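Below: the structure, in structure tokens.
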Amino acid sequence: MLPQAENVRMRPGNWHPPIELSASEQSIVNRIKRAKLFTFLRQCRHQLFDEKFQEELNKLYADSAKGHPPVPPAQLALATILQAYTGASDAEAIEALIMDRRWQLVLDCIDCQNAPFSQATLARFRTALIIQGLDRRLIERTVELAQQTKGFGSKQLRAALDSSPL
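The structure is reproduced here in structure tokens:
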């Protein structure tokens, strides 16, 4: 006997996008002259979202009812960082995922025809992130990684993220 749909729970798995740049991604990186945050996040996303931090983020969805396949929280968190840094609204972030190859580079959805998640999913994730206090943790981890790797100006990043609400 199959379980009733309303009793089935789903939890997202960890996100494991490629670490090495593909030829297509390298081409995009080579064209980014400004907005180096995109390059930094693409090259360091596997460090920023290690298994331990992803498990922490996954707990945001521990009680989610079955519905659409869950989106990895690490992917949503990266979108949230980009959104805060660029000042994009939820609708603009979703549009950027479809239209802007820099966003696609970071979120592992090069040439996507549809965004990997909806505007509502992004908004719900951000709310859950803030309620659990993980928004500050995400900012701190991102700034620390920028400082350690020297892949992006940590002071510039902190100023931008601290002045923009996640």
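Using UniProt numbering, read the sequence shown as starting at 1 and increasing by one per residue. Just so it is clear, CB atoms sit at the ideal spot from N, CA and C, and this is done for glycine as well. This one's a predicted model, so the numbers in the text were calculated from it and none came from an experiment.
Buried versus exposed call for residue i [16 or more other C-beta atoms within 10 Å across all chains shown]
| i | result |
| --- | --- |
| P18 | exposed |
| A120 | exposed |
| I131 | exposed |
| I139 | buried |
| Q26 | exposed |
| F152 | buried |
| L94 | In the sequence as presented, Leu is not what sits at residue 94; that position holds Ile. Looking at its Cβ environment, which holds 16 or more other Cβ atoms inside 10 Å, I94 is buried. |
| I81 | buried |
| T142 | buried |
| A159 | exposed |
| Q54 | buried |
Three-state secondary structure (DSSP) of residue i
| i | result |
| --- | --- |
| I19 | coil |
| N30 | helix |
| S24 | helix |
| Q113 | coil |
| Q132 | coil |
| K36 | coil |
| V106 | helix |
| A88 | coil |
First through last residue of the alpha helix (DSSP H) which encompasses residue i
| i | result |
| --- | --- |
| S154 | S154 to S163 |
| N58 | E51 to N58 |
Sequence-distant residues of its chain with Cβ nearer than 7 angstroms to residue i (five each side left out)
| i | result |
| --- | --- |
| V71 | P12, P116, F117 and T121 |
Close Cβ partners of residue i (< 6 angstroms) along its chain, the five nearest in sequence each way excluded
| i | result |
| --- | --- |
| R101 | I28 |
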